[in-house]
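Below: the structure, in structure tokens.
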Amino acid sequence: MRHPMGPMRQGRSACLAGLLVAGVLLAEILLGAPVGAAAPAEGDPAPDFALTLFSAKAFRLSDLKGKPVLVNFFASW
């Protein structure tokens with residue numbers, strides 16, 4: 425029994441998949457973190473950020489300056 429896709433279609437699909445992967449990798453390289461930007465080292469102060477709580481109040485990390493803080497980001501889909 426012959427394969428429903430001919431050899432040309434299989435090759436074209438593989439080529440398109442390869443181009444897609446290459447495009448994603450190129451986008452990650454070009455749009456990723458700037459060269460020279462390093463993650464903060466352990467023990468360095470965390471960069472300040474602001475969030476809106478479920479109670480609609482604003483929260484800034486700097487509000488807790490001098491206190492130990494555990495930051496736990498999670499997603500619940």
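Read in order, the letters of the sequence shown are residues 425 to 501 in our numbering.
Glycine is no exception: its CB is placed at the ideal position from the N, C-alpha and C atoms.
A Cβ-Cβ contact shorter than 8 Å links ALA470 with LEU485.
The C-alpha of GLY435 is placed about 42 Å away from the C-alpha of PHE497. Counted as a single uninterrupted DSSP element, the beta strand (DSSP E) harbouring PHE483 occupies residues 482-484. In the DSSP annotation of this structure, the continuous segment of the beta strand (DSSP E) that includes LEU475 starts and ends at 474-476.
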